[in-house]
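Okay, so the sequence shown: first residue is 1 according to the UniProt record's numbering, each after it adds one.
Right, one structure below, let's go through it.
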Amino acid sequence: MTADALTVGELALLEDPFWRLTSGKLYKIKTADGRGVIPFEPRPEQQVLLRELIDAVDAVKAKSPGWQKVQKKMKLKARRLGWSTTIGVFIADCLCFRQSFTATLIDQTGEDATKKMTGIVKVAVNAALEIMPLRKLKDNDSELTIDAEDPEQSAPSTFYAGTKARGGSNDFLWLSEVAVIQFDDPKRAEEIVTGALPSARHGVIVGETTWKGGKGGKVYELIEPTLKGTADDWQVDFSPWWQDPRNVAPHASHDAQSLKYFHDIQERLERDGIHLSDEQRRWWAQERRTQGIFMMRENPTFLDECWRAPIEGAIYAPSLDRARTEGRICSMPVAGDALVNTSWDLGSPRHTAIWFWQVVGREIRIIDYVAGFEGTLTELVAMLLAKGYNLGKHYLPHDALQTERSGSNFASELRTAGLSNLVCVPRTASVWIGINHAIEMMPSISWRNTPAVEKGLEALAAYRQHKEGAGALTKAEPVHDWASHPADALRHMAEAHRAGLFKFSSAAEPRPGEYGERRQRKGMKPRRISA
1 MTADALTVGE LALLEDPFWR LTSGKLYKIK TADGRGVIPF EPRPEQQVLL
51 RELIDAVDAV KAKSPGWQKV QKKMKLKARR LGWSTTIGVF IADCLCFRQS
101 FTATLIDQTG EDATKKMTGI VKVAVNAALE IMPLRKLKDN DSELTIDAED
151 PEQSAPSTFY AGTKARGGSN DFLWLSEVAV IQFDDPKRAE EIVTGALPSA
201 RHGVIVGETT WKGGKGGKVY ELIEPTLKGT ADDWQVDFSP WWQDPRNVAP
251 HASHDAQSLK YFHDIQERLE RDGIHLSDEQ RRWWAQERRT QGIFMMRENP
301 TFLDECWRAP IEGAIYAPSL DRARTEGRIC SMPVAGDALV NTSWDLGSPR
351 HTAIWFWQVV GREIRIIDYV AGFEGTLTEL VAMLLAKGYN LGKHYLPHDA
401 LQTERSGSNF ASELRTAGLS NLVCVPRTAS VWIGINHAIE MMPSISWRNT
451 PAVEKGLEAL AAYRQHKEGA GALTKAEPVH DWASHPADAL RHMAEAHRAG
501 LFKFSSAAEP RPGEYGERRQ RKGMKPRRIS A
């Protein structure tokens, strides 16, 4: 097709980005089987996103009043809803019609980034080149630069695609499957937050992702204030599976699990004004038989299902599921005749995690949790004392005795701040000794159902061991991410019990022969720090 294929009226409409993107006259996309191309004719929900992107780019560029409120968008989604295609075609339009425009895609893998470059953006650009007087200055799997054919109108625009952002500034930053990156590679997620996002400080940032890994991580920290309603830095949208009209299967069969699922959520569907046809429900049943336990992750019906999806390699999640089933996560009073002990894991002030617990007969009751405290150590101790608990002992990890450059250590600083009865737990030969003992203790642990404890439980449920690619061996250590400090604080309680530093009548009493003869390692004797 050439410019001659457009009517005079359509040529005039080329000035309108929304018409260009929604008319089906200019851009093309690959067919579902990848064997051909068809005009890009977006569905109504895709048109809504395109309008939002156009308005956001225009507002940010002009610094219109309130532009910060439309600058950053995170779209949480089910699989195969066409959002990547929508954003890719939008970028193609920006390359062709906006001068000196720079956009970058950060994707889960280099292969995924290349597929979006070649299979979406270039397909759309090539269709536009049949009409517009444009030329490619650079064209490879990771970079595409478009410029006017007339040298006097030169103002090239560039799109980069890869797993990291290039230096410089971006007018548009596209984060694809960033929540999956957060789960699989926490270090890279941190680099994205600290390195890539600032490159679009004066541009638009859009993420589209399925969710993986529960309520935690760098990406979750970005959107949590919006989810809680305490800030609006990010716009957070949710796109469920039922939003796609293609997700119907009139001839698929129901099964007991699908019937129970829809029975359980029917009241919520009605409350939220959601009507699911029988064909949609049959599609869900068919898809669940394929996705299995990961259906909530791949095709959530409600936003909160994203966080509830099972986590691969989860260590404590099965024990916590059992606790919920047995009613051991519940409302309970603080026992007035039992001391409240604490177990700690140390990090920066924000990453120090503390569990509060009581030994009541044959049970450990976990009654409180503190993490993410913003303040000095003195302020932290003051906050703990202000809770009014009848405090017992405070079990610290072995590195609380490590001398720092100042000549002091964490334990002595706690004592100076006013906390007494400090006990350092001896280090075990392997973290799995403490983890396995914690799992053994789990049937004897009850949890006080409070917002603070629930936040800690979310971290424990997300605590997991490394799992590499298909066919690879699982590493013999847990993943170190946002869930590590709460999990380590719980492990230190279990290690204290195993070392005989406290006792309660349970099936998990220390058994010396279980991990070989328990011998005190030189220098590892439990130490009581005087008040």
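Where is the CB? At the ideal position from N, CA and C, for every residue including glycine.
None of the values given here were measured: they were computed from a predicted structure.
Let me check one thing: in DSSP terms, what residues is residue i bridge-paired to?
i, result
"Q291", "In the DSSP output, where bridge partners are listed per residue, Q291 has none listed."
"M132", "Answer is none; M132 lacks a bridge partner."
"N247", "Beta-bridge pairing links N247 to no other residue."
"L76", "T209 and F238"
"V359", "I364"
"E143", "Y160"
"R448", "C330"
"P478", "Q465"
"C306", "DSSP, once it has assigned bridges, lists no residue as partnering C306."
"V340", "L391"
"V37", "K30"
"V370", "I354"
"D345", "A353"
"K138", "T145"
Along the chain, where does the alpha helix (DSSP H) that runs through residue i open and close?
i, result
"K455", "P451 to A462"
"G162", "Segment S157 to G162 is the beta strand (DSSP E) holding G162; no alpha helix (DSSP H) there."
"S484", "S484 to R498"
"P300", "Per DSSP, P300 belongs to no alpha helix (DSSP H) and is neither H nor E."
"P318", "A317 to T325"
"L49", "P44 to A62"
"A165", "A165 -> no alpha helix (DSSP H), and no H or E assigned at all."
"I311", "From DSSP, I311 is part of no alpha helix (DSSP H); its letter is neither H nor E."
"M441", "V431 to M441"
Considering only the beta carbon of each residue, do residue i and residue j sit closer than 8 angstroms?
i, j, result
"K218", "Q182", "yes"
"A462", "A483", "yes"
"H394", "V425", "no"
"A353", "A489", "yes"
"S142", "A124", "no"
"residue 533", "L175", "The shown model of the chain, from 1 to 531, leaves out residue 533, and the question about it has no answer."
"D93", "P17", "yes"
"A400", "F410", "yes"
"V431", "P478", "yes"
"L320", "L460", "yes"
"E177", "T209", "yes"
"W19", "L11", "no"
"W447", "I366", "yes"
"Y389", "F356", "yes"
"R135", "E149", "yes"
"T85", "I120", "yes"
"A371", "R464", "no"
"L53", "F97", "no"
"W241", "R297", "no"
"V206", "I87", "yes"
"M493", "S343", "yes"
"M442", "A309", "no"
"E248", "E267", "Position check: residue 248 holds Val in this sequence, whereas Glu was assumed. No; because the gap between Cβ atoms is not below 8 angstroms, this pair is not in contact."
"L377", "L414", "yes"
"I364", "I274", "no"
"D147", "P133", "no"
"T194", "I106", "no"
Could you check where the beta strand (DSSP E) with residue i kicks off and where it finishes?
i, result
"Q257", "Note, Q257: premise wrong, no beta strand (DSSP E); alpha helix (DSSP H) at A256 to R271."
"L227", "Counting along the chain, L227 falls outside any beta strand (DSSP E), though it belongs to the alpha helix (DSSP H) covering K218 to K228."
"W174", "F172 to S176"
"V423", "L422 to C424"
Within 8 angstroms of any Cβ in chain B, is that where the Cβ of residue i sits?
i, result
"R268", "The displayed structure is made up of one protein chain only, and chain B is not part of it."
Can we count residue i as close to the ligand ATP, meaning its CB is less than 7 angstroms from some heavy atom?
i, result
"K387", "The ligand ATP is not part of this structure, which contains no ligands at all."
Residue ranges of each alpha helix (DSSP H) within the region 372–412, 4 or longer
377–386
Contact between the region 164–177 and the region 193–206 is defined here as three or more beta-carbon pairs at a separation below 8 angstroms; is this criterion met?
yes
Does the contact criterion of 3 or more C-beta pairs under 8 angstroms hold for the region 73–80 versus the region 104–118?
no
So, does the region 438–456 touch the region 336–352, judging by three or more C-beta pairs under 8 angstroms?
no
Touching by the beta-carbon criterion (3+ pairs, under 8 angstroms), the region 382–396 and the region 414–425
yes
Does the region 259–267 come close enough to the region 97–104 to have 3 or more Cβ pairs within less than 8 angstroms?
no
In chain order, which continuous runs of the alpha helix (DSSP H) of length 4 or greater are located wholly inside the region 10–34?
17–22
Taking 8 angstroms as the cut-off, does the region 285–302 touch the region 435–446 (at least 3 CB pairs, one atom from each stretch)?
no
At a cut of 8 angstroms, does the region 327–334 reach the region 226–241 through at least three beta carbon pairs?
no
4-residue-minimum alpha helix (DSSP H) runs that sit fully inside the region 75–130, ordered along the chain
83–97, 110–116 and 122–129
Can you list, in chain order, the stretches of the alpha helix (DSSP H) that have 4 or more residues and sit fully within the region 184–208?
186–191
Count Cβ pairs between the region 43–57 and the region 184–195 that sit closer than 8 angstroms; are there 3 or more?
no
If you pair each beta-carbon of the region 63–73 with each one of the region 120–139, do three or more pairs fall below 8 angstroms?
no
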